Amino acid sequence: MWTRHSGFCPGSRETLLISREGAGTLPPMSWNYTPAEDLHPFSVPCTWAAEAVAELEAADKSALWKPFTQMAGYVDEQPVIIERGQGNWLRDVRGRAFLDGVSSLWVNVHGHGHPVIQARIRRQLEELDHSTLLGPTNVAAVELAQRLVDLAPGSGQLSRVFYSDSGSTSVEIAVKMAFQFHAQHHQDAARKRDLFVTMTNAYHGDTLGSVSVGGIELFHSLYEPLLFKTRQAPAPDPYHRAFGQDPLEHERRCLEALKTILLEERGRVAGLVMEPLVQGAAGMLCHSPGYLAEAAALCREEGALLIIDEVATGFGRTGTMFACEQAGVVPDLMCLAKGITGGVLPLAATLATETIYEGFLGDHTAYRTFFHGHSYTGNPLACAAALGSLDVFREEGTLARLAPRIDQLSERLSVIERHPNVGDIRRVGVMTGIELVTDCATGEPYPAAQLVGRQVCGAALERGVLIRPLGDVVVLMPPLSITEDELDLLCGTVLGCIDEVCA
Ligand SMILES: Cc1ncc(COP(=O)(O)O)c(C=O)c1O
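Here it is, written out as structure tokens:
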């Protein structure tokens, strides 16, 4: 039984003091934090008139079909219509300020309205809005391609950049590239390399190709008749391992299973598609850098390409610029999106090694061209935003400044972890999943219909903190620019809401 020793005091620094009765060895759970209404940076008043808000809300419900949203329930809720963003905060048309605790779905890096990124986009807008990459090229797309090549793991080994517009398309492109590379490289082989190995619980996006390499039952199973076949290797997530099994032993067994698939399908596997270190949408399921390095080695041995999806993990989210750096792995194909523009404009890139690129070369009649492209491929405004974001990384030392925030987060989470309804906390860098259970001793999940994760996030919203759950996993994914006070608010609010909802 947990009891709250002192409540929340609106308008002052809040103190959360919770301790566990009878747990003499545990220190009380406590830290001070400033509430959202006193911490947000908005000085410009919100000027939306009540009638204008009502009109917007009505149109929101009658005209918009929102992603990953059961609209039948949504129409009964009061919408949060964002009108302004500043720093790590958002404000809605009703004047409510929210700390952006999920980086606007894992995209925002340096906060909203960063002046360096804004200036780059403004300058670009004056020079060129859009021009196609089919035929001509454009200055910003070229400059960014070079910067990405220089930045990517392997010091230039990932030497070619193919642009698109979303994480899903970046993966779709990698899969098509891998397939076509093998088709052109092994033209005389008796068996085709047309099979992809993927991970259980993987999420790589929502287009049919990226859904094919995904593995989240709820999102993907309905589309099965439309998907191409894959072989799924068990993702080595230590929390959901067989009871009593040692985590390292579990990881070793998962590697063995991957090896078995590669051997059973010898000569057929075009590539292994995986998220490095963290399977984000699966509920922040983590594996060790060692697993990633071993998986990469197995791919090399079997001639399968390694396709690393850094859409969520890339651009500092795991504490290093790219997660695969932590395993010393250079993939054959690397997918980037989300944070690439600092979270300001849609852009994605699939990076390929020179070997893969060369596999597409030939004269026109050899038909080795990569016949893929989108109307807005290499959009200069998005590329300018990405260049601005990379400037900020360099000028502000974003990754160095993030290190103490990661330590602070780790410290706060070590307290949250002791809550009896927290079954597990998984974190790499700032990517965090807090798994809620009925009892941490048994790990018994809540009935799905109870929507506990949703309730916790709903309670956090009331307190000015915007987060979004994955089932009963509460996800924290703050912008890398989060301040010490904001991080304390985020963690304190989440702990308070878990305690309130799960009591
Ligand atoms: C690892 C990963 N890959 C791909 C995607 C798809 O990206 P997008 O939503 O930009 O299509 C996501 C989105 O969450 C992701 O987490």
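Using numbering that gives the first Met the number 0, count along the sequence shown one by one with no gaps and you end on 502.
Heads up, the beta-carbon is just placed ideally off N, CA and C, and yes, glycines get one too.
Model, not experiment: these values are computed from the prediction.
Could you tell me if Asn31 is buried or exposed, where buried requires 16 or more neighbouring beta carbons within 10 angstroms of its beta carbon?
In the sequence shown, residue 31 corresponds to position 32, counting from 1. With fewer than 16 other Cβ atoms within 10 Å, it is exposed.
Throw me the rounded Cβ distance for the Gln278 and Asn200 pair, which I believe falls under 8 Å.
The residue you call residue 278 lines up with position 279 of the sequence shown. The residue you call residue 200 lines up with position 201 of the sequence shown. That pair is a contact at about 6 Å.
Excluding the five sequence neighbours on either side, which residues of its own chain have a C-beta within less than 8 Å of the C-beta of Ala459, listed in chain order?
Locating residue 459 in the sequence shown gives position 460, counting from the first residue. Excluding positions up to five away in sequence, the list reads Gly100, Leu465, Ile466, Thr492, Val493, Cys496.
Any beta carbon from chain C within less than 8 Å of His109's own beta carbon?
Among the chains of the structure shown, chain C does not appear; only one protein chain is present.
Flag Asp236 as yes when its Cβ comes closer than 7 Å to any non-hydrogen atom of ligand 1, and as no otherwise.
Taking the sequence shown and counting its residues from 1, one reaches residue 236 at position 237. Result no, Cβ not under 7 Å from ligand 1.
According to DSSP, simplified to helix, strand and coil, what is Glu483?
Reading the sequence shown from its first residue, position 484 is the one you call residue 483. Three-state DSSP puts Glu483 in a helix.
Whose C-beta lies closer than 7 Å to the C-beta of Gly358 among residues of the same chain, with five residues either side of it excluded?
If you number the sequence shown from 1, residue 358 lands on position 359. Within the same chain, Gly358 has close Cβ partners Phe180, Gln183, His184.
Consider the C-beta atom of Ser507 and the heavy atoms of ligand 1; say whether any pair is separated by less than 7 Å.
Since the displayed the chain opens at 0 and closes at 502, residue 507 lies outside it and no answer follows.
Return the CA-CA distance between Glu76 and Arg83, expressed in angstroms with no decimal places.
Residue mapping note: residue 76 aligns to position 77 of the sequence shown, counting from 1. Residue mapping note: residue 83 aligns to position 84 of the sequence shown, counting from 1. In a straight line, the C-alpha of Glu76 is about 21 Å away from that of Arg83.
At a cut-off of 7 Å, is Trp105 close to ligand 1 when judged by its beta-carbon and the heavy atoms of the ligand?
Your numbering for residue 105 matches position 106 in the sequence shown. Yes - ligand 1 has a heavy atom lying nearer than 7 Å to the Cβ of Trp105.
When every heavy atom of ligand 1 is checked, does at least one fall within less than 7 Å of the C-beta of Ala311?
Taking the first residue of the sequence shown as 1, we reach residue 311 at position 312. Checking the Cβ of Ala311 against ligand 1 gives yes.
My output table needs one value for Arg83: the three-state DSSP class, helix, strand or coil.
Taking the first residue of the sequence shown as 1, we reach residue 83 at position 84. In this structure, Arg83 counts as strand in the three-state DSSP scheme.
Reducing DSSP to helix, strand and coil, say where Val268 ends up.
Sequence index remark: in the sequence shown, residue 268 carries index 269 (1-based). Note: Val268 maps to strand in three-state DSSP.
Are Val472 and Glu434 close, meaning C-beta to C-beta below 8 Å?
Within the sequence shown, the letter at position 473 stands for residue 472. Within the sequence shown, the letter at position 435 stands for residue 434. Cβ distance < 8 Å, so Val472 and Glu434 count as in contact.
Please report the residue range of the beta strand (DSSP E) in which Glu274 lies.
On the sequence shown, residue 274 is found 275 positions in, with the first residue counted as 1. Counting along the chain, Glu274 falls outside any beta strand (DSSP E), and DSSP gives it neither H nor E.
State the CB to CB distance for the pair Thr33 and Leu488, rounded to an integer number of angstroms; the pair is presumed to be in contact (CB under 8 Å).
By 1-based counting over the sequence shown, the position of residue 33 is 34. By 1-based counting over the sequence shown, the position of residue 488 is 489. Confirmed, Cβ separation roughly 6 Å.
Please check the pair Ile306 and Val272, which I expect to be a contact at CB under 8 Å, by giving their CB distance rounded to whole angstroms.
Here the question's residue 306 lines up with position 307 in the sequence shown. Here the question's residue 272 lines up with position 273 in the sequence shown. So it is a contact: roughly 5 Å between Cβ atoms.
Give me the Cα-Cα distance between Gly422 and Gly396, rounded to the nearest whole angstrom.
Working through the sequence shown from its first residue, we reach residue 422 at position 423. Working through the sequence shown from its first residue, we reach residue 396 at position 397. Approximately 35 Å between the Cα atoms of the pair.
Compute every distance between the C-beta of Lys508 and the non-hydrogen atoms of ligand 1, then say whether any falls below 7 Å.
There is simply no residue 508 to check, as the chain begins at 0 and stops at 502 in what is shown.
Quick check on DSSP: helix, strand or coil for Arg467?
Counting from 1 along the sequence shown, the entry for residue 467 is found at position 468. Strand.
Enumerate in chain order the residues of its own chain whose CB-to-CB distance from Ser287 is below 7 Å, with the five nearest sequence positions on each side excluded.
On the sequence shown, position 288 is the one that residue 287 refers to. Closer than 7 Å at the Cβ level, and outside the excluded window around Ser287, lie Glu250.
Give a single yes or no on whether Ala294 has its beta carbon closer than 7 Å to a heavy atom of ligand 1.
By 1-based counting over the sequence shown, the position of residue 294 is 295. No, the beta carbon of Ala294 sits no closer than 7 Å to any heavy atom of ligand 1.
Excluding sequence positions up to five away, which residues of its chain have a Cβ less than 6 Å from the Cβ of Leu389?
Counting from 1 along the sequence shown, the entry for residue 389 is found at position 390. Closer than 6 Å at Cβ, skipping near neighbours: Arg146.
Should Cys490 go down as buried or exposed, given a rule of 16 or more other Cβ atoms within 10 Å for buried?
Against the sequence shown, residue 490 aligns to sequence position 491. That one is buried.
Can you determine whether any heavy atom of ligand 1 sits closer than 7 Å to the C-beta of Glu250, and answer yes or no?
In the sequence shown, counting from the first residue as 1, residue 250 sits at position 251. It does not: the Cβ of Glu250 is nowhere closer than 7 Å to a heavy atom of ligand 1.
Would you grab the beta carbon distance between Val115 and Val391 for me? Rounded to a whole angstrom, and I think it's under 8 Å.
Looking up residue 115 in the sequence shown gives position 116. Looking up residue 391 in the sequence shown gives position 392. Yes, Val115 and Val391 are in contact; Cβ-Cβ is about 5 Å, under 8 Å.
Closer than 7 Å: is that where the CB of Lys175 sits relative to any heavy atom of ligand 1?
The residue given as residue 175 occupies position 176 in the sequence shown. It does not: the Cβ of Lys175 is nowhere closer than 7 Å to a heavy atom of ligand 1.
Using the rule of at least 16 other Cβ atoms within 10 Å of the residue's Cβ for burial, across every protein chain shown, is Gln69 buried or exposed?
The count along the sequence shown starts at 1 and reaches residue 69 at position 70. Classification for Gln69: exposed.
Taking buried to mean at least 16 other C-beta atoms within 10 Å of its own C-beta, is Leu25 buried or exposed?
Counting from one through the sequence shown, the residue named residue 25 turns up at place 26. Residue confidence for Leu25 is low, a pLDDT of 42 falling below 50, so the modelled location carries little weight; the figure read from the coordinates is stated next. Exposed, because fewer than 16 other Cβ atoms sit within 10 Å of the Cβ of Leu25.
Please tell me whether Leu284 and Asp205 are closer than 8 Å, where the distance is taken between their beta carbons.
For the purposes of this step, residue 284 is taken as the residue at position 285 of the sequence shown. For the purposes of this step, residue 205 is taken as the residue at position 206 of the sequence shown. No; because the gap between Cβ atoms is not below 8 Å, this pair is not in contact.
To which residues does DSSP link Tyr507 through a beta bridge?
As displayed, the chain neither begins before 0 nor continues past 502, which places residue 507 out of reach and without an answer.
Compute the Euclidean distance between the alpha carbons of Arg121 and Ser211, then round it to the nearest angstrom.
To locate residue 121, count along the sequence shown from 1; it is residue 122. To locate residue 211, count along the sequence shown from 1; it is residue 212. Near 39 Å, if we compare the C-alpha coordinates of Ser211 and Arg121.
Could you give the DSSP three-state label for Tyr32: helix, strand or coil?
As a working note, residue 32 is residue 33 in the sequence shown. It is a strand residue.
At the level of alpha carbons, what is the spacing between Met176 and Asn420?
Here residue 176 is taken as the residue at index 177 of the sequence shown, counted from 1. Here residue 420 is taken as the residue at index 421 of the sequence shown, counted from 1. Roughly 45 Å separates the two Cα atoms.
In whole angstroms, what separates the C-alpha of Leu291 from that of Glu324?
Translated into positions along the sequence shown, residue 291 becomes position 292. Translated into positions along the sequence shown, residue 324 becomes position 325. Rounded to whole angstroms, Leu291 to Glu324 spans 10 Å at the Cα level.
What does the alpha-carbon distance come out to for the pair Thr352 and Asp331?
The sequence position of residue 352 within the sequence shown is 353, counting from 1. The sequence position of residue 331 within the sequence shown is 332, counting from 1. Looking at the two C-alpha atoms, the distance is approximately 6 Å.
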